[in-house]
Amino acid sequence: METTQQQRSADDRRRELLEAADRVVLRDGPQASMNAIAAEAGITKPILYRHFGDKGGLYRALAKRHTDALLRALQVAVDAPADRRERVAGTLDTYLAAIEARPQVYRFLMHPAEGASNSSEQGFDVGLHSAPLLRRLGEELGKVVADRVDLGPAGDMVARMWGHGIVGMMHAAGDWWLGERPCTRAELVESLTDLLCGRLFDAPDRQGGPGF
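Quick note on numbering: this note's numbering labels position 113 of the sequence shown as 205, and the sequence is numbered without any gaps.
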């Protein structure tokens, strides 16, 4: 019983520290430092290291927190009562709306090396840390497609390829759009939806599945 209470207390403390980190990231973006996060949480940096190890550990914890929330939102968009094109457009719009609403969080997660401001945080490898985040999104989206669309004997592998391809497209297009704002979000969603209107739209729903 005592161990369970100790674990709950540790989990609560970790959540409090992540919330403090979120506040700093929302304010500072990629420039968010371990010093600033420790100060926001009212602790010393060694205590922050004790919970997360280093900035990479804190990044991974924040990435999981925000990716979990994004995946929940994408699931709602995929399950919306609409036709296939509207669901695809809604899923794309959900992703773009998320990065538009919290651009500093996005930049911290996808471009953290831009903020390396001191010797202890220089060399933070953006690819090492952001690639697993994108791979997770790709795998999850692939499962969504595989569960809903009948793509034939090799359908599960095709769905995985599509999942990673769609995430790559969303990430690259969203990164460009967020940086330059060359068009409205609605225009980008419409154009990307047009791009996806290929085999996905011709394939029948999987028998017994939730449909897409």
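Virtual Cβ for every residue (Gly too), placed ideally from N, Cα, C.
Assigned secondary structure, residue i (DSSP; H/G/I helix, E/B strand, else coil)
i: Lys137; result: helix
i: Asp294; result: helix
i: Phe216; result: Only weak support is given to the placement of Phe216: the predicted model assigns it a pLDDT of 49, under 50, and the question is left unresolved by the model.
i: Asp103; result: helix
i: Pro173; result: coil
i: Pro302; result: coil
i: Gly149; result: helix
i: Ala124; result: coil
Inter-residue Cα distance where the pair is residue i and residue j
i: Val168; j: Asp104; result: 27 Å
i: Val259; j: Ala113; result: 26 Å
i: Ala133; j: Glu108; result: 8 Å
i: Asp242; j: Val236; result: 12 Å
i: Asp175; j: Phe304; result: 8 Å
i: Ala130; j: Ala278; result: 39 Å
i: Glu111; j: Asp146; result: 17 Å
i: Ile139; j: Met126; result: 11 Å
i: Ala155; j: Arg298; result: 32 Å
i: Leu201; j: Gly266; result: 14 Å
i: Leu270; j: Glu192; result: 7 Å
i: Gln214; j: Leu163; result: Because the pLDDT of Gln214 is 48, which lies under 50, any placement of that residue in the model is unreliable, and the question is left without a value.
i: Ala247; j: Leu226; result: Residue identity check: residue 247 is Gly in the sequence provided, not Ala. Computed Cα separation, rounded: 21 Å.
Whole-number beta carbon distance between residue j and residue i, since they are thought to touch under 8 Å
i: Cys289; j: Arg152; result: Going by Cβ atoms, the distance from Cys289 to Arg152 rounds to 36 Å, so no, they are not a contact pair.
i: Arg199; j: Pro122; result: 5 Å
i: Ala128; j: Val116; result: 5 Å
i: Leu118; j: Arg194; result: 7 Å
DSSP beta-bridge partners of residue i
i: Val241; result: Asp297
Host alpha helix (DSSP H) of residue i (start-end)
i: Thr186; result: 176-193
i: His203; result: Unbroken run through His203: none, as it is neither H nor E.
i: Thr285; result: 277-288
i: Asp248; result: 247-272
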